[in-house]
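Chemist:
Here it is in structure tokens:
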């Protein structure tokens, strides 16, 4: 469904908010009667299906920076949902490192350490998504880092003993530049 929305984004686009589909436009499309025109009817049925799937609609309707609902579906959101739902999947290693750095205190093991244990990332990545934007953001970060073996190896080996299982703050700071 997300792929169909991505492919037909222009048919849903809100003229008052170019580059977005508002929830109002989605509801308006869903409330239309079927016309007999194949393309139009496909879009109407797609809008109905998205509205009938609150989890998908919630995934589509998120601010890409904060993860909070903003009432708008951006083209990027449709792309993210079509590619499995992780908002970091299309980001560069540098951007992923920046996200880790931004959320460092929430990812690290305790107050006194200046490192993130890779085992902790594994635990976080195994959590189910909750709908809580902050917690889900951490889950997405952990999953994305673990899905990139080269990035994980770099982060593990910069500013610490090779293969020690720790990602230091300094490594993330170095990678973000």
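Residue numbers (the working numbering): 997 to 1173. Every residue, glycine too, gets a C-beta built ideally from N, C-alpha and C. This structure is a prediction, so every number in the text was calculated from the model and none was measured.
Would you identify the three-state DSSP class for residue 1068, choosing helix, strand or coil?
Modeler: Taking the chain shown and counting its residues from 1, the one referred to as residue 1068 is at position 72. In the structure shown, residue 1068 sits in a strand (DSSP, three-state: E or B).
Chemist: Distance, Cα to Cα, residue 1152 vs residue 1076?
Modeler: As a working note, residue 1152 is residue 156 in the chain shown. As a working note, residue 1076 is residue 80 in the chain shown. If you take the alpha carbons of residue 1152 and residue 1076, they lie about 27 Å apart.
Chemist: Tell me the residue span of the alpha helix (DSSP H) that contains residue 1040.
Modeler: For this step, residue 1040 is matched to residue 44 along the chain shown. It spans 1034–1047 - the alpha helix (DSSP H) in which residue 1040 sits, taken as one unbroken run.
Chemist: So, using beta-carbon positions, are residue 1040 and residue 1056 closer together than 8 Å?
Modeler: Sequence index remark: in the chain shown, residue 1040 carries index 44 (1-based). Sequence index remark: in the chain shown, residue 1056 carries index 60 (1-based). Contact: no.
Chemist: With burial defined as no fewer than 16 other Cβ atoms inside 10 Å of the residue's Cβ, what is the status of residue 1016: buried or exposed?
Modeler: Locating residue 1016 in the chain shown gives position 20, where the first residue counts as 1. Its Cβ being crowded by 16 or more others within 10 Å, residue 1016 is buried.
Chemist: Where do the N-terminal and C-terminal ends of the alpha helix (DSSP H) with residue 1002 fall, by residue?
Modeler: Here residue 1002 is taken as the residue at index 6 of the chain shown, counted from 1. Note, residue 1002: alpha helix (DSSP H), 998–1003.
Chemist: Output needed for residue 1116: all residues of its chain with C-beta closer than 6 Å, excluding positions within five of it in sequence on either side, in chain order.
Modeler: Numbered from its first residue, the chain shown carries residue 1116 at position 120. Only 1105 meet the Cβ criterion.
Chemist: For a minimum of 4 consecutive residues, which ranges assigned as the alpha helix (DSSP H) are wholly contained in the region 1103–1160?
Modeler: DSSP runs (the alpha helix (DSSP H)) wholly in the region 1103–1160: 1114–1121, 1129–1142, 1145–1153.
Chemist: Which term fits residue 1162, buried or exposed, when burial requires 16 or more other beta carbons within 10 angstroms of its beta carbon?
Modeler: Counted from its first residue, the chain shown places residue 1162 at position 166. Looking at its Cβ environment, which holds 16 or more other Cβ atoms inside 10 Å, residue 1162 is buried.
Chemist: Give me the residue from 1157, 1002, 1006, 1099 with the minimum Cα distance to residue 1137.
Modeler: Working through the chain shown from its first residue, we reach residue 1137 at position 141. It is 1099.
Chemist: Are there 16 or more other CB atoms within 10 angstroms of the CB of residue 1073, so buried, or fewer, so exposed?
Modeler: Residue mapping note: residue 1073 aligns to position 77 of the chain shown, counting from 1. Answer is buried; the Cβ neighbour count reaches 16.
Chemist: Less than 8 Å between the CB atoms is what I'm expecting for residue 1063 and residue 1133, so what's the real figure, rounded?
Modeler: Working through the chain shown from its first residue, we reach residue 1063 at position 67. Working through the chain shown from its first residue, we reach residue 1133 at position 137. Indeed they touch by this definition, with Cβ atoms about 5 Å apart.
Chemist: Pop quiz: residue 1042 and residue 1078 are said to be a contact at Cβ under 8 Å. What is the actual Cβ separation, rounded to whole angstroms?
Modeler: In the chain shown, counting from the first residue as 1, residue 1042 sits at position 46. In the chain shown, counting from the first residue as 1, residue 1078 sits at position 82. With 8 Å as the limit, residue 1042 and residue 1078 do not qualify as a contact, their Cβ atoms being about 13 Å apart.
Chemist: My assumption, with CB atoms under 8 Å, is that residue 1005 sits in contact with residue 1022. Please give the rounded CB distance.
Modeler: Counted from its first residue, the chain shown places residue 1005 at position 9. Counted from its first residue, the chain shown places residue 1022 at position 26. That pair is no contact at about 12 Å.
Chemist: Tell me whether residue 1058 is buried or exposed, calling it buried when 16 or more other Cβ atoms sit within 10 Å of its Cβ.
Modeler: Translated into positions along the chain shown, residue 1058 becomes position 62. Buried.
Chemist: What does the alpha-carbon distance come out to for the pair residue 1069 and residue 1165?
Modeler: As a working mapping, residue 1069 is identified with position 73 in the chain shown. As a working mapping, residue 1165 is identified with position 169 in the chain shown. Cα to Cα, the separation comes out at about 34 Å.
Chemist: Answer yes or no: do residue 1097 and residue 1169 have a C-beta to C-beta separation smaller than 8 Å?
Modeler: Locating residue 1097 in the chain shown gives position 101, counting from the first residue. Locating residue 1169 in the chain shown gives position 173, counting from the first residue. In this structure, residue 1169 lies closer than 8 Å to residue 1097 by Cβ.
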